[in-house]
Structure formats: C-alpha cells, structure tokens
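Numbering (our numbering), first residue to last: 1 to 306. For each residue, glycine too, the CB sits at the ideal point set by N, CA and C. As the structure is a prediction and not an experimental result, all values here were calculated from the model. This report concerns only the one structure given below.
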Amino acid sequence: MAVPFTAYLFQQGIDDELILLLNEIASATKEIAGKVRKAGLLGVLGSAGKTNVQGEEVQKLDELANEILLENLKNCGKVCQLTSEEVEDCLIVSESGYSVAFDPLDGSSNIDVNVSIGTIFSIHRDSVMRRGREQVAAGYVIYGPSTMLVMSLGNGVVGFTLDPESGNFLLSHPEIRMPEKGKIYSINEANRDKWTSGRLRKFIDFLKENKYTQRYVGSMVADVHRTLLKGGIFIYPADRKNTNGKLRLLYEAKPMAFLVEQAGGLSSTGSEDILDVVPKELHQRVPVILGSRWEVEKCLEFMKEN
Ligand code: AHM
Ligand code: MG
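Set out below in structure tokens:
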C-alpha cells in the first residue's frame, strides 16, 4: 500500500507546524480538484468579469481557488504571511510562523478547454521576500488526467497521486530525478520575433537542428511537470511586451526552480540562478529558463556568445 501524504510528512522529521500547513495545502487543493473536475456542471467556467492586479483577466475558477486557499491557510494558525497572484498586497495574518506564496490556479487560459492546470506554492519561514534557496518547501498540484501533488522539502522531489476512492494523496513517485539531457523544448514560439535576445533564437534553431521536438501546453505546471519527468528545457524569456518575462518570481519561478534543482536540473534567469534572485517586489517577474542540466548549460552558453 502506497504511503499517504500525512504519513510521509511524519517520516521526514519536520516540525508539526509545517506538517499541519502542508496538510492544509493538500486539503485545499483536493477541494479545488473537486471544483475543477465538475467545473462545467457548477457554472464556474468563464471570466469573472474583472482583471487582477497584474491587469490579467480573472476567471471564475481563479477566484474560487484563491478563496479556498486563503480561507484554509488563514485559519490554520501556522501562517504569518500570505501572498497570492490574485491579491495585490501581502496579507499579514500574524507576527511569526510560515509564509506562503501561491498561484491558486495557474494556466488560466486552459481552464475553459479542459486542459491541465495547477496550483503552485512556495513556503518560507517568516517572509516570502527571500531568495528561493531559502524555501523550506515548494511544490505544485497538477489537475490533469490524474491529480498529483509534487513537492520538495529540500531533500529531493516526491510525487503523490490523488486516489479518487480514498480521497488521499498517495506516494506514487518516491524519487523524481530529471534526466541529465532530454529531447523536448518548451517555449511559446509565437513570440519568437519579440524575444529580446537574438541568441535565444539561435539556441532554439540549434535544438531543432539536433532533432528536438517541441511541446508547449501553456500551463506552467504541465510544462514543468513534463520537463521534470522527461527532461529537456522550459523557457519563458523576456520579450518586447514582457521585458522581464511573464512569470512571477515568488509563486511561479522560485518554487519551480527549487523543484527542478532538487531533481538534479538547473534554473536561470539568463544572468543568474533563479534561486539566487533577491525579491524586490511582491509580483516581480523574471525570465525563466529551467530544465535538464545539459540543455540549460547549453542555453546559457548561447546566450553569452556575441
Ligand atoms: P496565469 O498564472 O495567469 O495562468 O499565467 C501564467 C501562465 C503559465 O502557466 C504559462 O507558462 C504562461 O502563462 C503561458 O503564457 P503564454 O500564453 O504567453 O505562452
Ligand atoms: Mg500563474
């Protein structure tokens, strides 16, 4: 019998506060998974008719997922600060404890078309405004054909699959290690002419010449999940429209970079390791390059060439 999530946490020698907090995240995401599964029947598809702090259109399910996470985490008694993609300011809950940054429902453009979406979370002691290397835990839940919770406590990466019968997350991937080199690149190539780095175009051409194939879901959780399991490279670069890239440091780039590096891969903004970036703003964006060591190193070599 596969190990249930809570039993796994008790085996890790982490403090009870963190166990409780991670359990809260697991139960909130199970609730979100339930809504996602029945979205077309619950009348929660489509736009909520407003834009968020970042000027992006908010979907009804974005809002619902955000409320579920905020409610669970505010009331668990272990959290001092909460930061969400959907909320402008950091919510101060208490003086000390853990801080959580989350993207309640990543991949918003895929909600209405029944394509994988997810929740991403990053946990620090006290403040989220810390370098990614200092995360005590990070992970995501992918709402795909299976619902999976993938997480790192800083000692490798593990994956749990939600068992619909028992309603438990069960350990299905006890050790996720990325291949050193893959065969897939993942980037929104429609933006090619807008990328600010011409050298990135050369790198993508190099991958094509070397028989790589392309996969791009447009949900970071799904694209990173595949990259973790199959290797290769995922890139969301700076372009003329998004001069620092599109993805947010605190609840997209930093937790995913932590997972990738814990699984033996690499991450970079193009100029430094994502895990070394010191956050300056809550909703700060950074260019993201992450994946297998071989491809990320090769990409950085190309980016440095004149
Ligand atoms: P979201 O948090 O509003 O859903 O936006 C983030 C998403 C990522 O999941 C994905 O990697 C990216 O946006 C896709 O953007 P694009 O459609 O520009 O390729
Ligand atoms: Mg997102």
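**Item:** Rounded separation between GLN284 and ALA39 - CA only
**Value:** Linking GLN284 to ALA39 through their CA atoms gives a straight-line distance of about 31 Å.
**Item:** Distance cut-off 7 Å: ASP223 Cβ against heavy atoms of ligand 2
**Value:** Every heavy atom of ligand 2 is 7 Å or more from the Cβ of ASP223, so no.
**Prompt:** Where do the N-terminal and C-terminal ends of the alpha helix (DSSP H) with CYS299 fall, by residue?
**Reply:** For CYS299, the enclosing alpha helix (DSSP H) covers residues 293-304.
**Item:** Neighbourhood of ligand 1 [Cβ distance below 5 Å to any heavy atom], ordered by chain position
**Value:** So the residues near ligand 1 by this Cβ test are ASP106, GLY107, SER108, ASN188, GLY218, SER219, MET220.
**Item:** Three-way DSSP call (helix, strand, coil) for GLU189 in this model
**Value:** Reduced to three states, the DSSP call for GLU189 is helix.
**Request:** Evaluate contact between the stretch 184-199 and the stretch 148-158, counting only Cβ atoms and requiring at least three cross-stretch pairs below 8 Å.
**Result:** No, because fewer than three Cβ pairs between the stretch 184-199 and the stretch 148-158 fall closer than 8 Å, the two stretches do not touch.
**Message:** Can you find the residues in the same chain that come closer than 8 Å, C-beta to C-beta, to PHE203, ignoring five residues on each side of it along the sequence?
**Reply:** Correct list, in chain order: LYS298, CYS299, PHE302, MET303.
**Asked** Which partner residues of LYS74 appear in the DSSP bridge assignment?
**Response** BP columns for LYS74 are empty, so no partner.
**Request:** Please list the segments of the beta strand (DSSP E) lying wholly inside the stretch 209-246, counting only runs of 3 or more residues, in order along the chain.
**Result:** Counting only runs of 3 or more, we get 233-236.
**Prompt:** Rounded to a whole number of angstroms, what is the C-alpha to C-alpha distance between SER197 and ARG248?
**Reply:** Using only the alpha carbons, I get a separation of about 20 Å.
**Request:** Starting from ASN313, follow the beta strand (DSSP E) in both directions and report where the run begins and ends.
**Result:** With the chain running from 1 to 306 in the structure shown, residue 313 is simply not present.
**Request:** Please classify LEU282: does DSSP put it in a helix, a strand, or coil?
**Result:** If DSSP states are grouped into helix, strand and coil, LEU282 belongs with coil.
**Request:** Identify every residue that forms a DSSP beta bridge with TYR251.
**Result:** In DSSP, TYR251 forms no bridge with anything.
**Item:** Sequence-distant residues of its chain with Cβ nearer than 6 Å to GLY97 (five each side left out)
**Value:** Counting only Cβ-Cβ distances below 6 Å, and skipping sequence neighbours, we find LYS78, VAL79, CYS80.
**Message:** I need the boundaries of the beta strand (DSSP E) containing ALA26, first residue and last residue.
**Reply:** In this chain, ALA26 is not harboured by any beta strand (DSSP E); it is covered by the alpha helix (DSSP H) spanning 16-37.
**Prompt:** With a CB to CB cut of under 7 Å and the five nearest residues on each side skipped, what residues in its chain are close to GLY167?
**Reply:** Closer than 7 Å at Cβ, skipping near neighbours: LYS30.
**Asked** Touching or not, the stretch 209-217 and the stretch 258-265, by the rule of three or more beta carbon pairs under 8 Å?
**Response** The stretch 209-217 vs the stretch 258-265: no contact.
**Request:** Return the Cβ separation of ASP223 and TRP195 in integer angstroms, given the expectation that the two are a contact with Cβ distance under 8 Å.
**Result:** Not confirmed; about 17 Å, so no contact.
**Message:** Considering only heavy atoms of ligand 2, does any lie closer than 7 Å to the CB of GLU88?
**Reply:** No, since every heavy atom of ligand 2 falls outside the 7 Å radius drawn around the Cβ of GLU88.
**Item:** C-beta atoms of ILE117 and ASP106 nearer than 8 Å
**Value:** The Cβ atoms of ILE117 and ASP106 sit closer than 8 Å to each other.
**Request:** Determine the DSSP secondary structure at ILE184, reduced to helix, strand or coil.
**Result:** Taken through DSSP and simplified to helix, strand or coil, ILE184 comes out as strand.
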